[in-house]
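Below is one structure, written out as structure tokens; comments come after it.
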Amino acid sequence: MARVRSFEPIIGRRPRILILGSMPGVASLEAVQYYAHPRNAFWPIMSELFGIDHRADYAARAAELGKQPLILWDTLQACQRPGSLDSSIDVKTARANNFTDLLQRFPGIRAILFNGATSEKYFRQLVLPTLRTTSELTLLRMPSTSPAHAGMSFEQKLGAWRQLLDFID
Numbered sequence: 014m015a016r017v018r019s020f021e022p023i024i025g026r027r028p029r030i031l032i033l034g035s036m037p038g039v040a041s042l043e044a045v046q047y048y049a050h051p052r053n054a055f056w057p058i059m060s061e062l063f064g065i066d067h068r069a070d071y072a073a074r075a076a077e078l079g080k081q082p083l084i085l086w087d088t089l090q091a092c093q094r095p096g097s098l099d100s101s102i103d104v105k106t107a108r109a110n111n112f113t114d115l116l117q118r119f120p121g122i123r124a125i126l127f128n129g130a131t132s133e134k135y136f137r138q139l140v141l142p143t144l145r146t147t148s149e150l151t152l153l154r155m156p157s158t159s160p161a162h163a164g165m166s167f168e169q170k171l172g173a174w175r176q177l178l179d180f181i182d
């Protein structure tokens, strides 16, 4: 089974929001880009919320995202998983990223938004018990932007994701 590793975070200006995926899928890992699958709604949603051109090349999209008050990362630092499906992650091999250090470096984080249920599940299992305090953090599960989450339309996903704007001053 393939061992996969997440990317370094994209850290925006004076971040207030931490957006967490679970683990990049095969298309993203091959391209070394967050949300590289052409049918993933993440970049079109960021386009609607922040005016980022989702058709621009990845470097330009990442640079524009880096101007926003957020951090984009993944809950898991590494795991074994064949393919791209979160349901295929071997739970015994799942290792979380270092959120203690990240939250200490960026104390302005007010909300953690999970891009789907798996990100939230692993955060609650592997990370939350290790954090000293989360009383000032809002934890919100957003609908997954993955094309595998076809139960919601783009407009429904976008409507839910608009909640992140509530955490920006």
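In terms of the working numbering, the sequence shown is residues 14 to 182. Just so you know, even glycine gets a beta-carbon here, dropped at the ideal spot from N, CA and C.
The beta carbons of Gln93 and Arg16 sit closer together than 8 Å.
Under DSSP, Leu144 forms no beta bridge with any residue.
Annotation: Leu152 to Arg52 spans about 26 Å, alpha carbon to alpha carbon. The stretch 83-97 makes contact with the stretch 22-36, as at least three CB pairs between them are under 8 Å. Contact annotation, Thr88 with Phe167: C-beta distance approximately 24 Å; criterion of less than 8 Å not satisfied.
Within the same chain, Met14, Ala15 and Ser101 come within 7 Å of Pro95 by CB-CB distance, once the 5 residues on both sides are set aside.
For the options Ile58, Pro120 and Gln169, the alpha carbon positioned closest to that of Phe112 is the one of Pro120.
It is roughly 10 Å from the alpha-carbon of Gly38 to the alpha-carbon of Val45.
For the set Arg123, Leu141 and Asn128, the Cα lying nearest the Cα of Tyr48 is the one of Asn128. Assigned with DSSP and collapsed to three states, Ile58 falls in helix.
Glu77 has its alpha-carbon roughly 10 Å from the corresponding atom of Ala69. About 5 Å separates the beta carbon of Asp99 from that of Ser35, a gap short enough to meet the 8 Å contact definition. When the Cα atoms are used, Ala91 and Gly25 turn out to be separated by approximately 23 Å. Buried is the label assigned to Lys170, since at least 16 other Cβ atoms lie within 10 Å of its Cβ.
Apart from sequence neighbours up to five positions away, the residues of its chain that approach Ala124 with a beta-carbon distance below 6 Å are Ile30, Thr151 and Phe180, ordered along the chain.
Scanning its chain for C-beta atoms nearer than 6 Å, with the 5 sequence neighbours on each side dropped, one finds around Ser132 the residues Leu33, Gly34, Ser35 and Thr88, in chain order.
By the Cβ-count criterion, Ala109 is buried, with 16 or more other Cβ atoms from all chains shown falling within 10 Å of its own Cβ.
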